[in-house]
Structure formats: structure tokens, C-alpha cells
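Asks: I'd like to ask some things about the structure below.
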Ligand SMILES: Nc1nc2c(ncn2[C@@H]2O[C@H](COP(=O)(O)OP(=O)(O)O)[C@@H](O)[C@H]2O)c(=O)[nH]1
Ligand SMILES: [Mg+2]
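In my numbering, the protein residues as written are 65 to 722.
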């Protein structure tokens, strides 16, 4: 007998077709999300189409599918932490998170950040342990490790059937049925093998006991040792998953389509409808159309599309949504973009020609109403300076960059006033590389050079000097004359620039003193080492003037001459910015992180355990900014791609050995 995707009516969604639902596939890179995405589509009535764009690294893929006469949108989220914001955006609008993980102890830590995102979004979740064909581990040993990564209770819903060490099928713990996988096809129902009976009984008891904590009816039955029917188990399981108290755990092999139909069945039963998710977001069922944009992307002829979840009301192409006229409405059946005439509440839709709408925007809220929550992008950890190979292309590049950062809120764009560099920042090397690929398309062939951003060095002086300068020029009839004596002294770090005057007897008339002050300060913009000069005091001690030839300009020039000569003689010293850096790493990685920082002239300030599952640690240090350029690359390579850091400017320090 073949496994069928239909559930018993009691265990189903209570009759009636559900509204369009949306599932976000999330999990570490390489766990098999994209393979599972395709396997789920293949098992539905709308398989992945040939025309669907290939998955680019780091790109979220969206596919609509019909399955069991219900409408679904599947979101294949990128797994790398560098694209975590894309996954967070998907989670913000999904009905359920399908966490895909490998049943390998060494890969478990990567689940921590994934579950934290899901917990922050308050979203129901299922955990799918993929690659079960390669799993040598006992799931009962693995489960406690997985459990450390989430505050939700993990409940195993299946146990594996093993033959000669390999997993060849499963027992469904709710209905007690056994199945054997058939490569690429629906599993066969088989009699429960004697060998799994003890394990099945133990795991089933554990499942029921956990569920009885939340369900008095079930508890009573267990206490009275009465047999339980599947609906009595599905009910608390679904309620627990919906409330976020529990996460059901299923397993299979996406690459061989093993366990996919069972997974679909769980998704159909346990994914809340859009009206439930909308209510969780506080959206009233009645009212004008309401949508939330979660992603902006360029899509060939269609132009820039705003992917949105329509929470309320219906939409037609050409209609106006809260003042925005929709120029093109699309779905992606089987992953391929297709024009649609209209969309219904609950659907994921791509809206064309929506100008001035950013990712996260709620469209259609009554004025003054609160916008729907949307995750804030993380602070950038990596940056590149960009320059067109041909300076004439600068304007075109700037326009394309503007569009690029509008599409991806996890990117940052700034113009460094000091260096004149255009700085693109983001979540790491991969993220920036993917961004540059998209930029190339947006900028239509502008050739780019990239470089490390310049470090904003400063300079100061070690000791004081008194410097005299005289300007005396005779040009034609009317000359220029000014004479100043300046004292230039160092000030404490961070004290800034200060000007004073101690002129006696009008040696320099009052009216010229502002020009001296201004010129003295202007001279600090570029010191003898080529950087802005900080923390100096300039005092005008004395001077002379000429009643006809002296002017503001003459005094400014004399002051500039005195400053240039004086600063060079005052023991110039290079100052470098030092940042306060906080690294966050998975348990056990703090010593490695510390070595990484000390090798970069870092001064360790302390360690802290983070208030998160799985014992993540934070290391705080003071590190020269010049050493931070590639920190994220090394940190990620040391921590399975999981480590990250935040930084803020702390102080300027003398750059030794520079
Ligand atoms: N053995 C085995 N390999 C799988 C399975 N599912 C996926 N893979 C492989 O795992 C690798 C990563 O899969 P992919 O779907 O790209 O992972 P993603 O980064 O999570 O999207 C690919 O080489 C897949 O062929 C599975 O069920 N069993
Ligand atoms: Mg993938």
C-alpha cells in the first residue's frame, strides 16, 4: 500500500480548503534546503519548471505550488549567515518555518542562530533531519544536542527503521504505521518490524508524555492507561507547534525523495492558514487590502518586483493599492515567473512598478496605524571601496548602487568624505560578491575596481613649539604684510582643537585675530604626515602689522606658514582609530577568537557567556581598525561560518611601528 497524502478528517484542518499558505525553508548551508525545495515541488502538482531561474548563491527562491488542491508558496532561503537577513525577511511573512538540518553532531551549532530567528519571529516550526540515508548517528543521542539550540521542545514524530546499519524507512509514532522508502517514489507501507518495536514503544511514550503536559484529555488517558487515537495526539501536537511550545521532528532524504510525502502531510496538517498568521500579527480580518513587501528584486523585463504577502483583501493588476498603482502582478508556479490577473488574500505575489517602497514596507495601513514588524538588518561587518575603471561612469555607477542598496537592506552605502571613496558594506565576502554580481547587471557593464577602504588615520604632536612667520610682499604699489608668533602645544587625546590669544598692546589688532584663528584651524586639516591633525592648542603670542599693507588675508597666510613649519617641528605622531569589538562565537570557540584578536594587536577586555541556547560566547577587545578589514573572513573560517562581530569607534592611539 502506498503512503497517501490524505489525513483523516479529524486530523486534518477541519474541512474546507485552507487559504494560500507559505513555508520558509531555513537552515544551515548545505543541509539540503534547495534539494528539499525541489523534492517538495516534485511531489506536488506543480513541480519545478525548466524555465525557473537557477539558484544563484545567496538568492532566495520562491515557488508556488498546488498540492492536495491547496495553494502553497515555498521559500528556499539561503543558509549562510551572510544572508541571514533574507531568511529573516522570509520568516517575517511565512506561516511556518521548515528547518532543514543534517543529523550530524558537528553541524548542530549552526541551528542556534536559525532557531533564534524563528523564535524572534514567533513562528511555528517543523524540523526536518535530512540526509538520513547517510546518518550513522542514533537519533536518540542526537536529539539532546539539537535540543540545546532551541528553547522550544523538540518532539520526535518518527523513528528510523534500519537495515544493516542504514536507515531504510520509518515508523510514524502517531499512528504506529511503518513505511519503507522507495527511491524517488512514495514509500511502501510495511508491517511493523519486530526489531523496532521496543524503540517505537519508548519513543511513542516519550512523545505522548510530552504532549500530555499541554493536554489534559491526553494526560487522563495516559494515567488511565487507555489506548490513544491519532486525532488525540495530532490535536495537542498541532496546538503545541502553533503556539511555539514544541517543534515536531521528522526526517528523510531529500535527494532520494525519502519521507517527502510524509513531510507534505505534516505540512498540510500543521501549517496555520494565512488568517491565523495574520491574526498573530494583529491584523484585523476586515478592512482594505493590506500587504507587506518582504523582498525587492530586479526580474528582467518585468523590472523591479516587490514580493509581498497579501494579508487582507484581493488585488488586480492595474489596480491601486493604497495609492500605489500595480503595474504587473506575478506568481511563480514551479519557480517560473508568470503573469497573474488577480491575487487573493494570503498569497505571495510579485508587484511591478511599485516605486518608493522599501523591503518591509506595509502597504495599506490606515494613516497613523502601526506598520507590521520587520527585522532590522544587521550591522555590516565587511566593506569594499568601489571605483569605476572609467571615471566618466561615476554617475551611472552611483545610480545603480542606489538601486542595489534599496533592494538589499543588509547592504550599506556611504561616501567617505575624507577619502572620497564610495564604500559598499555588507555581511561578508560572499554577500558582497553576490551584491557586485547584481550591481554588474544593474549598472549595465560598468567595469569596477574594488579596494580596501582607507583607514581614517589622524596625527598629532608630541611637544610644543613656538613658531614665528612673516609675510612681506611688495606687488606694485600696494603690499602685503603680516607677522605672527604662534605657540603650538599638544592637548590630551580627544580634547580637540583650541585657539587662544595673548597679544598685548595691540601688536596684532583685534580685527585680524579671527583670521588668524580660522587659518590656524584650517591648517590642521592636513598635517605634515598627510592626515588631519587633532588635539592641538594654538596660541597667538605676538606679532606685528602694517597700517596699510596688513589685511585678514595677509594674517591668514602668515598663520598658515607658521602652522606648517611649527607642526613639522613639534614631533608629529600618527594616530590610528581603535575600535571596541565584540565577537560572538559558538561554544568552545572563544579561545580561538581570542588568538585571532591578539594576532591583530587586539587587547582583550573580557569574556561573557551569552544568554542564548547552546552556550555561545562573547569576546570583547580593543582592536586597531586597520586590523579589522578581513577579520570576518578569518572568524567565519574558524567557526563554521557562524561567528560574527560588532564594532564601534573607541579611541585614537599612537600607531606604533607604522
Ligand atoms: N546523501 C544525501 N545528500 C543530500 C540529500 N539532500 C541533499 N543532499 C546533498 O547535499 C548537498 C547540499 O544540498 P543543497 O540542497 O544545495 O543544500 P542547501 O545549501 O541547504 O540548499 C548537495 O550536494 C545535495 O546533493 C540527502 O537526502 N541525502
Ligand atoms: Mg540552497
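Even glycine gets a Cβ: it sits at the ideal position worked out from N, Cα and C.
Rounded to the nearest angstrom, what separates residue 166 and residue 123 at their Cα positions?
Replies: Your numbering for residue 166 matches position 102 in the chain shown. Your numbering for residue 123 matches position 59 in the chain shown. Residue 166 and residue 123: Cα-Cα distance of roughly 21 Å.
Asks: Does at least one heavy atom of ligand 2 sit under 7 Å from the Cβ of residue 140?
Replies: In the chain shown, counting from the first residue as 1, residue 140 sits at position 76. The answer is yes for residue 140.
Asks: Would you mind working out which of 567, 444 and 329 sits nearest residue 712, comparing C-alpha positions?
Replies: Start at 1 with the first residue of the chain shown, and residue 712 comes out as number 648. The shortest C-alpha separation from residue 712 is found at 444.
Asks: By the 10 Å Cβ neighbour count, where 16 or more other Cβ atoms means buried, how is residue 256 classified, buried or exposed?
Replies: Position 192 of the chain shown, counted from the start, is the residue given in the question as residue 256. The residue is exposed, with fewer than 16 neighbouring Cβ atoms inside 10 Å.
Asks: Where residue 582 and residue 569 are concerned, what is the direct C-alpha to C-alpha distance, given to the nearest angstrom?
Replies: By 1-based counting over the chain shown, the position of residue 582 is 518. By 1-based counting over the chain shown, the position of residue 569 is 505. Between residue 582 and residue 569, the C-alpha separation is close to 22 Å.
Asks: Once you ignore the five residues that flank residue 83 on each side, which residues in its own chain have a CB closer than 7 Å to its CB?
Replies: As a working mapping, residue 83 is identified with position 19 in the chain shown. For residue 83, where only same-chain residues beyond five positions count, the Cβ hits under 7 Å are 337, 338, 339, 409 and 410.
Asks: Going by other Cβ atoms of all chains shown within 10 Å of its Cβ, with 16 needed for buried, is residue 356 buried or exposed?
Replies: Position 292 of the chain shown, counted from the first residue, corresponds to residue 356. When all chains shown are included, residue 356 counts as buried.
Asks: Where in the segment 183–208 do unbroken runs of the alpha helix (DSSP H), each at least 4 residues long, occur, reported from the N-terminal end onward?
Replies: If we require 4 residues or more, the segment 183–208 turns out to have no alpha helix (DSSP H) run fully inside it.
Asks: Which residues mark the beginning and the end of the alpha helix (DSSP H) in which residue 569 is found?
Replies: Start at 1 with the first residue of the chain shown, and residue 569 comes out as number 505. Neither: residue 569 is in no alpha helix (DSSP H) and is coded neither H nor E.
Asks: Can we say the segment 445–462 touches the segment 364–376, given the rule of at least three CB pairs closer than 8 Å?
Replies: Verdict: no, contact absent.
Asks: Sort out for me which residues DSSP pairs residue 130 with in a bridge.
Replies: Sequence index remark: in the chain shown, residue 130 carries index 66 (1-based). Its beta-bridge partners are 135.
Asks: In this structure, what does DSSP give as the bridge partners for residue 402?
Replies: In the chain shown, residue 402 corresponds to position 338, counting from 1. According to DSSP, residue 402 bridges with 395.
Asks: Does the Cβ of residue 724 have 16 or more other Cβ atoms within 10 Å, making it buried, or fewer, making it exposed?
Replies: Residue coverage of the chain in this structure runs from 65 to 722, which leaves residue 724 outside it and unanswerable.
Asks: Please tell me whether, using a cut-off of 7 Å, the distance from the CB of residue 91 to the nearest non-hydrogen atom of ligand 2 is below it.
Replies: For this step, residue 91 is matched to residue 27 along the chain shown. Result no, Cβ not under 7 Å from ligand 2.
Asks: Is it true that the CB of residue 689 sits closer than 8 Å to the CB of residue 643?
Replies: For the purposes of this step, residue 643 is taken as residue 579 along the chain shown, with counting starting at 1. For the purposes of this step, residue 689 is taken as residue 625 along the chain shown, with counting starting at 1. Contact flag set, yes.
Asks: State buried or exposed for residue 433, treating a residue as buried only when at least 16 other CB atoms are found within 10 Å of its CB.
Replies: By one-based count along the chain shown, residue 433 stands at place 369. Per the 10 Å Cβ criterion, exposed.
Asks: If you draw a straight line from the C-alpha of residue 720 to the C-alpha of residue 521, how long is it?
Replies: For the purposes of this step, residue 720 is taken as residue 656 along the chain shown, with counting starting at 1. For the purposes of this step, residue 521 is taken as residue 457 along the chain shown, with counting starting at 1. Rounded to the nearest angstrom, the two C-alpha atoms are 13 Å apart.
Asks: How about the segment 322–335 and the segment 238–258: do they share at least three Cβ pairs that are nearer than 8 Å?
Replies: Touching, yes.
Asks: Along the chain, where does the alpha helix (DSSP H) that runs through residue 542 open and close?
Replies: Along the chain shown, one-based indexing puts residue 542 at 478. Here residue 542 belongs to no alpha helix (DSSP H); instead the beta strand (DSSP E) covers 542–554.
Asks: Could you check the C-alpha separation between residue 271 and residue 149 for me, to the nearest Å?
Replies: Stepping through the chain shown from its first residue, residue 271 is reached at position 207. Stepping through the chain shown from its first residue, residue 149 is reached at position 85. If you take the alpha carbons of residue 271 and residue 149, they lie about 34 Å apart.
Asks: I'd like the span of the beta strand (DSSP E) that includes residue 429, first residue to last.
Replies: Your numbering for residue 429 matches position 365 in the chain shown. That residue, residue 429, is in no beta strand (DSSP E); it is neither H nor E in DSSP.
Asks: Less than 7 Å between C-beta atoms, sequence neighbours within five positions excluded: which residues of the same chain meet that for residue 89?
Replies: For the purposes of this step, residue 89 is taken as the residue at position 25 of the chain shown. Taken in chain order, the residues that qualify are 97, 100, 101, 138, 139, 140, 141, 162 and 164.
Asks: For the segment 305–314 against the segment 204–221, are there 3 or more C-beta pairs whose distance is under 8 Å?
Replies: In short, these stretches touch, since the Cβ pair count reaches three.
Asks: Ignore the nearest five residues each way along the sequence and tell me which others in residue 664's own chain have a CB closer than 8 Å to its CB.
Replies: Residue 664 sits at position 600 when you count from the first residue of the chain shown. Cβ within range, chain order: 687, 688, 691, 692 and 695.
Asks: Apart from the five residues just before and just after residue 69, which ones in its own chain have a Cβ nearer than 6 Å to its Cβ?
Replies: By 1-based counting over the chain shown, the position of residue 69 is 5. Its pLDDT being 41, under 50, residue 69 is placed unreliably in this model, and the value from its coordinates should be taken loosely. Result list for residue 69: 132, 325, 328 and 329, in chain order.
Asks: Mind checking residue 407: buried by the 16 CB within 10 Å criterion, or exposed?
Replies: Indexing the chain shown from 1 puts residue 407 at position 343. That one is buried.
Asks: Nearest-angstrom Cα distance between residue 290 and residue 344?
Replies: Here residue 290 refers to the residue found at position 226 when the chain shown is read from its first residue. Here residue 344 refers to the residue found at position 280 when the chain shown is read from its first residue. So the two alpha carbons sit approximately 36 Å from each other.
Asks: Between residue 511 and ligand 2, is there a pair consisting of the residue's CB and a ligand heavy atom that are separated by less than 7 Å?
Replies: On the chain shown, position 447 is the one that residue 511 refers to. No.
Asks: May I ask you to check if the CB of residue 144 is nearer than 7 Å to at least one heavy atom of ligand 2?
Replies: To locate residue 144, count along the chain shown from 1; it is residue 80. Checking the Cβ of residue 144 against ligand 2 gives no.
Asks: List the whole-angstrom C-beta distance separating residue 650 from residue 703, where the pair is believed to meet the contact cut-off of C-beta under 8 Å.
Replies: Counting from 1 along the chain shown, the entry for residue 650 is found at position 586. Counting from 1 along the chain shown, the entry for residue 703 is found at position 639. So it is a contact: roughly 6 Å between Cβ atoms.
Asks: Note the first and the last residue of the continuous alpha helix (DSSP H) segment covering residue 285.
Replies: Translated into positions along the chain shown, residue 285 becomes position 221. Looking at the DSSP string, the run of the alpha helix (DSSP H) that includes residue 285 is 280–287.
Asks: Name the residue from 188, 596 and 558 whose alpha carbon lies nearest to the alpha carbon of residue 715.
Replies: Within the chain shown, residue 715 is the residue found at index 651, counting from 1. Selected option, being the one with the closest Cα: 558.
Asks: Under the three-state reduction of DSSP, which class applies to residue 333: helix, strand or coil?
Replies: Looking up residue 333 in the chain shown gives position 269. Residue 333 falls in the helix class under three-state DSSP.
Asks: How big is the Cα-Cα spacing for residue 144 and residue 258?
Replies: Position 80 of the chain shown holds residue 144. Position 194 of the chain shown holds residue 258. Near 42 Å, if we compare the C-alpha coordinates of residue 258 and residue 144.
Asks: Among 621, 302 and 469, which one has its Cα closest to the Cα of residue 278?
Replies: The sequence position of residue 278 within the chain shown is 214, counting from 1. The residue with the shortest Cα to Cα distance from residue 278 is 302.
Asks: In angstroms, rounded to a whole number, what distance separates the CA positions of residue 67 and residue 239?
Replies: Position 3 of the chain shown, counted from the first residue, corresponds to residue 67. Position 175 of the chain shown, counted from the first residue, corresponds to residue 239. A caution first: residue 67 carries a pLDDT of 42, below 50, which makes its placement in the model unreliable, though a value can still be read off. One C-alpha to the other measures close to 13 Å.
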